[in-house]
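First comes the structure, then the notes that go with it.
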Amino acid sequence: MKIYEKAPAKINLLLDVLRKREDGFHEVEMIMTMVDLADRLEMSELPRDTIIISSQVGYIPLDEKNLAFQAARLIKERYDVRKGVYIHLDKKIPVAAGLAGGSSDAAAALRGLNRLWGLGIPQDELCELGAELGSDVPFCVTGGTAIARGRGEKLEHIQPPPQCWVVLAKPPINVSTADVYGKLRANELHSHPSMAGMTEALAQGSFNEMCRQLGNVLETVTLKAYPEVLQLKESMLKLGADGVLMSGSGPTVFGLVSKQAKLARIYNGLRGFCKEVYVVRMLT
Ligand code: ATP
Numbered sequence: 001m002k003i004y005e006k007a008p009a010k011i012n013l014l015l016d017v018l019r020k021r022e023d024g025f026h027e028v029e030m031i032m033t034m035v036d037l038a039d040r041l042e043m044s045e046l047p048r049d050t051i052i053i054s055s056q057v058g059y060i061p062l063d064e065k066n067l068a069f070q071a072a073r074l075i076k077e078r079y080d081v082r083k084g085v086y087i088h089l090d091k092k093i094p095v096a097a098g099l100a101g102g103s104s105d106a107a108a109a110l111r112g113l114n115r116l117w118g119l120g121i122p123q124d125e126l127c128e129l130g131a132e133l134g135s136d137v138p139f140c141v142t143g144g145t146a147i148a149r150g151r152g153e154k155l156e157h158i159q160p161p162p163q164c165w166v167v168l169a170k171p172p173i174n175v176s177t178a179d180v181y182g183k184l185r186a187n188e189l190h191s192h193p194s195m196a197g198m199t200e201a202l203a204q205g206s207f208n209e210m211c212r213q214l215g216n217v218l219e220t221v222t223l224k225a226y227p228e229v230l231q232l233k234e235s236m237l238k239l240g241a242d243g244v245l246m247s248g249s250g251p252t253v254f255g256l257v258s259k260q261a262k263l264a265r266i267y268n269g270l271r272g273f274c275k276e277v278y279v280v281r282m283l284t
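Residue 174 in the UniProt record's numbering sits at position 174 of the sequence shown, and the numbers go up by one each step.
Next up, the structure:
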């Protein structure tokens, strides 16, 4: 039997860091939502008790460093599954981009193997397993739109954003999430985005207010280290995007656009100097 799972990319409409905790993690408050740019996982059972990962791209690890491998190993160990699995990752989400590609692959592997092996694990238990693999994995298990608290694993689902176009542009640099958090001085942050303002905008379904309330404190680190990310934000706004923000720890910048008529100008303008540009829809 062969099964397929989609692993969509996430963007952060809001990302705030409250403090550094004693365990080394940062206490965050985020609003995350999915966009229609997705990896696809193909999973099939193997006759031998082993985990094999393949991908059409050569720049991700295929051994135990791969998050989908780790997800398969965890579920096998925890539920005593003595069967093997072959997972092919059709990668579409740019890597180390702030779009949670690896986390979403891990979440899709958890969902898929639950089905493949008929384990009947409830979603909240899959989320707990996901939290062992990475802070963004629980959200990627559920999808939708959610406020994430703690280190990202405590989820509260909320009203999805009003439908719009999302332009994603990834400059040709890879940013390590750990580095960005390492350089962040949470106690020196002068301003924080408004969680109340953004949840209100979403509750009202107001596209314009959602654009005004976009905010990500990690921009203070990444934009300083990589001025090209700031330039990309400015260009997207100039080209006509209604709201612009860096996703996660970057370097991908996303622009929200309400009118389809504006898309060609934004896409063509960005493609003049940025090779990786995607025009997608919100997954609502
Ligand atoms: P996050 O915002 O959750 O940190 P990201 O989008 O910035 O995620 P990923 O694309 O998840 O970053 O990649 C981060 C690192 O994880 C990469 O350097 C890559 O080597 C490793 N990795 C492990 N598994 C995968 C996977 N399935 N797909 C992509 N990268 C993976």
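Don't be surprised by glycine CBs; every beta carbon is placed ideally from N, CA and C.
(message) If you measure between the beta carbons of valine 244 and lysine 233, is that distance less than 8 Å?
(response) yes
(request) Label glutamine 204 either buried or exposed according to how many other C-beta atoms from any shown protein chain fall within 10 Å of its C-beta, with 16 as the threshold for buried. (result) exposed
(request) Can you give me the start and stop residues for the alpha helix (DSSP H) that leucine 202 sits inside? (result) 195 to 204
(message) Within 10 Å of its beta-carbon, does phenylalanine 254 have 16 or more other beta-carbons around it, so buried, or fewer, so exposed?
(response) buried
(message) Between which two residues does the beta strand (DSSP E) holding isoleucine 266 run?
(response) Element bounds for isoleucine 266: not the beta strand (DSSP E) but the alpha helix (DSSP H), 263 to 271.
(message) Following a CB-centred definition, is proline 61 positioned closer than 7 Å to any heavy atom of ligand 1?
(response) yes
(request) Go to methionine 210, then tell me how far its alpha helix (DSSP H) extends in each direction, as first and last residue. (result) 207 to 213
(message) For isoleucine 53 and leucine 89, which I take to be in contact (beta-carbon distance under 8 Å), what is that distance rounded to the nearest angstrom?
(response) 7 Å
(message) Threshold first: 4 residues or longer. Then list the alpha helix (DSSP H) segments lying entirely within the segment 221 to 265, N to C.
(response) 227 to 239
(message) For a test of the three-state rule: what should DSSP assign to glutamate 5, helix, strand or coil?
(response) strand
(message) Please report the distance separating the alpha-carbon of glutamate 219 from that of lysine 170.
(response) 15 Å
(request) List the endpoints of the continuous beta strand (DSSP E) containing valine 175. (result) Per DSSP, valine 175 belongs to no beta strand (DSSP E) and is neither H nor E.
(message) Let me check understanding here. Comparing Cα to Cα, which of Arg271, Ala241, Gly144 lies closest to proline 8?
(response) Gly144
(message) Rounded to the nearest angstrom, what separates residue 300 and histidine 190 at their Cα positions?
(response) Coverage of the chain is limited to positions 1 through 284, which leaves residue 300 absent and any answer about it impossible.
(request) Report yes or no: do the segment 106 to 114 and the segment 60 to 77 share at least 3 C-beta pairs separated by less than 8 Å? (result) yes
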